[in-house]
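These notes are about the structure you will find just below.
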Amino acid sequence: MSIAKEPTKLWGFEFIFLLIASFINFGSFGMAIPIFPGYAVSLGASLSVAGVVTGMFSVVALVGRPVSGLMGDRLNKKHLLIISAVLNGLITILYVFVPSIAWVIPVRFLQGLAFSVNGTIAFALGAEFIPKARMGEGVGFLGVGQIVGMAIGPNLGIFLVYHFSYQFNFAVSGGIMMLSGLMVLFLKYNPVADENKVKRSFKLKDLVAVELLPNALFAGTFMLGNGLTTSFLVLMGVERGIEGVGIFFVVNAIVVLLTRPLAGRLIDKKGVAFVVIPGFLITAVSMLFIGFALHVAFIAGAAVLFALGAGTSMPAIQADCLMRLGKQRSAVATGTYLIGLDIGMTIGPVVGGIMADGLGFRTTFVSAAGLMFIGFCMYLLYKKISRVK
93 MSIAKEPTKL WGFEFIFLLI ASFINFGSFG MAIPIFPGYA VSLGASLSVA
143 GVVTGMFSVV ALVGRPVSGL MGDRLNKKHL LIISAVLNGL ITILYVFVPS
193 IAWVIPVRFL QGLAFSVNGT IAFALGAEFI PKARMGEGVG FLGVGQIVGM
243 AIGPNLGIFL VYHFSYQFNF AVSGGIMMLS GLMVLFLKYN PVADENKVKR
293 SFKLKDLVAV ELLPNALFAG TFMLGNGLTT SFLVLMGVER GIEGVGIFFV
343 VNAIVVLLTR PLAGRLIDKK GVAFVVIPGF LITAVSMLFI GFALHVAFIA
393 GAAVLFALGA GTSMPAIQAD CLMRLGKQRS AVATGTYLIG LDIGMTIGPV
443 VGGIMADGLG FRTTFVSAAG LMFIGFCMYL LYKKISRVK
């Protein structure tokens, strides 16, 4: 574990620096996400196989999260973030040399492990620079860098694939990932190590915060919709002849940027449930918009709704996780929360690919809307039982 001073303000140099590094890192990662199923298909895979290979990434990340949380709470987060980002970039570049879909599997496995550490530590390190009283607002803004990066990244990735090749896109993406890791070298972060904590044998609570698993499940429900969208929106646009579906990522980012400040303050003042309860319903409607979309205007409308729903609810749930465990266990809190996201990102592409193959994209996204409504009902029940604010 590392012990650092409690920050007195939110907008310090370190927090702003991490926002920029996060934007670059997740932008490069976003370049590969929406084009990966198409890349798998170009190597001879069916939609179902493409969905399984795409979802495999999150399965591996899911396994790696508990260990990432343990490492983050006992070792220097800055060093872990640098190493994981550089490794992630190098592994992404390996896709340039993959000759067939069979060779994609081990590369995908390695990338999932590197990303599980990188994603967990990025959030946990960011939490070190957020005052406790402004955790909801801080986590919301911390996610803005990632949201903007994930908005620009997919469009840049699609552009590079269209004008050059999948391999060229992976090479550029990997290079940018490594750059984001090297940037962290300049971050001012020198915590005092607690040697007793480092040497101590670990328990289950050091790997997974069991009390936060319901939060992880709800976050994963939102991420399932995100996994479906990022994995199959481009292919759905091609099938239906809808041009410019990449606008979803841009509009989503813009709305998130406009709403995150207000959402963060609402979380700190009104509580998590005030944001999450309507978030489920709004996200359900966004899935219906995509399911019945025949024009890019429906895609843009879905992006607005998805930002208002999932885009505000997921950071609310994450902030709750961090506030409940405190900064000394910020990495395991983040890791547990991200377990839910990994499950959602796994189920989304895998089940979505199977359903899209047999039933079509409309049924797939309408089913996702139904799942959001079930999540809404379950959250109300959880709120009543646990008295969540």
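Here my numbering is used: the first residue of the sequence shown is 93, the next is one more, and so on.
Glycine included, every Cβ here is placed at the ideal spot set by N, Cα and C.
Since this is a predicted model, take the numbers as computed values, not measurements.
Please report the straight-line C-alpha distance between residue i and residue j, rounded to a whole angstrom.
i       : j       : result
Asn-307 : Gly-427 : 12 Å
Leu-182 : Ser-208 : 15 Å
Ile-174 : Ala-206 : 11 Å
Met-379 : Phe-314 : 11 Å
Ala-301 : Leu-417 : 8 Å
Asp-286 : Leu-274 : Annotation note: pLDDT 47 at Asp-286 (below 50); position unreliable, coordinate value reported separately. Straight-line Cα distance between these residues: approximately 26 Å.
Ile-127 : Val-424 : 31 Å
Leu-463 : Leu-167 : 38 Å
Val-190 : Tyr-429 : 33 Å
Ser-405 : Pro-370 : 9 Å
Tyr-281 : Leu-102 : 15 Å
Leu-186 : Leu-473 : 46 Å
Gly-136 : Gly-363 : 49 Å
Leu-279 : Lys-170 : 8 Å
Phe-340 : Ala-142 : 22 Å
Asn-288 : Ile-431 : In this prediction, Asn-288 has a pLDDT of 47, which is less than 50 and means its spatial position is unreliable; nothing more can be read from the coordinates.
Val-343 : Val-396 : 6 Å
Ile-446 : Leu-320 : 12 Å
Leu-110 : Gly-218 : 7 Å
Ala-448 : Leu-277 : 44 Å
Ile-334 : His-387 : 6 Å
Val-159 : Leu-349 : 32 Å
Met-470 : Gly-403 : 19 Å
Tyr-258 : Arg-200 : 15 Å
Glu-229 : Val-347 : 16 Å
Phe-381 : Val-188 : 36 Å
With distance defined between alpha-carbon atoms, name the residue in the options nearest to residue i.
i       : options                            : result
Glu-220 : Ser-459, Met-415, Thr-456          : Met-415
Arg-157 : Leu-433, His-387, Ile-466          : Leu-433
Val-196 : Val-144, Ile-244, Leu-172, Gly-371 : Val-144
Thr-322 : Met-123, Ile-116, Ile-112          : Met-123
Val-411 : Phe-105, Leu-358, Ile-435, Val-442 : The residue asked about is misnamed: residue 411 is Ala in this sequence, not Val. Minimum Cα distance to Ala-411 is reached at Leu-358.
Phe-215 : Gly-237, Phe-381, Val-188          : Gly-237
Gly-267 : Leu-202, Gly-436, Thr-184          : Thr-184
Phe-453 : Ile-374, Ala-402, Val-348, Gly-329 : Gly-329
Ile-125 : Ala-365, Thr-438, Thr-146          : Thr-146
Val-133 : Leu-327, Gly-444, Leu-279          : Leu-327
Leu-299 : Thr-212, Asn-180, Leu-234, Leu-451 : Thr-212
Met-148 : Phe-372, Thr-456, Ile-439, Ile-466 : Ile-439
Phe-260 : Arg-200, Ser-120, Gly-333          : Ser-120
Val-351 : Gly-383, Ala-460, Pro-407, Gly-444 : Note that residue 351 is Thr in the sequence shown here, rather than Val. Of the listed residues, the one whose Cα sits closest to Thr-351 is Pro-407.
Glu-303 : Asn-210, Cys-413, Gly-436          : Cys-413
Val-155 : Val-442, Pro-441, Ile-435, Ile-466 : Ile-435
Leu-451 : Ser-140, Phe-115, Pro-129, Ile-116 : Ser-140
Ile-250 : Met-163, Pro-198, Leu-325          : Leu-325
Return the first residue and the last residue of the alpha helix (DSSP H) that residue i is part of.
i       : result
Ala-214 : 193-219
Ser-138 : Element bounds for Ser-138: n/a, residue is neither H nor E.
Gly-329 : 305-332
Ile-391 : 388-417
Lys-476 : 453-478
Met-379 : 365-383
Ile-339 : 339-362
Lys-280 : Taken as a continuous stretch (DSSP letters only), Lys-280 belongs to no alpha helix (DSSP H), as it is neither H nor E.
Met-275 : 258-275
Ala-113 : 105-122
Ala-177 : 169-185
Measure the beta-carbon distance from residue i to residue j and round it to whole angstroms, keeping in mind my assumption that it falls under 8 Å.
i       : j       : result
Met-269 : Ala-153 : Between Ala-153 and Met-269 the Cβ distance is about 15 Å, and since that is not below 8 Å, they are no contact.
Ile-222 : Phe-107 : 7 Å
Val-240 : Leu-252 : Not a contact, Cβ separation roughly 18 Å.
Ile-48  : Val-458 : Because the chain in this structure spans residues 93 to 481, residue 48 falls outside the shown range and cannot be described.
Ala-399 : Ala-385 : About 16 Å; that fails the 8 Å criterion.
Gly-444 : Thr-456 : 5 Å
Ala-355 : Val-367 : 6 Å
Lys-475 : Ala-376 : Their Cβ separation, rounded to whole angstroms, is 18 Å, which puts Lys-475 and Ala-376 out of contact at 8 Å.
Ile-116 : Ser-272 : 4 Å
Around the Cβ of residue i, are there at least 16 other Cβ atoms within 10 angstroms (buried) or fewer (exposed)?
i       : result
Ser-478 : exposed
Gly-317 : buried
Val-231 : buried
Phe-118 : buried
Ala-389 : exposed
Gly-204 : buried
Phe-105 : exposed
Ser-138 : exposed
Ala-113 : buried
Glu-331 : exposed
Tyr-254 : exposed
Ser-192 : exposed
Ile-466 : exposed
Ala-460 : buried
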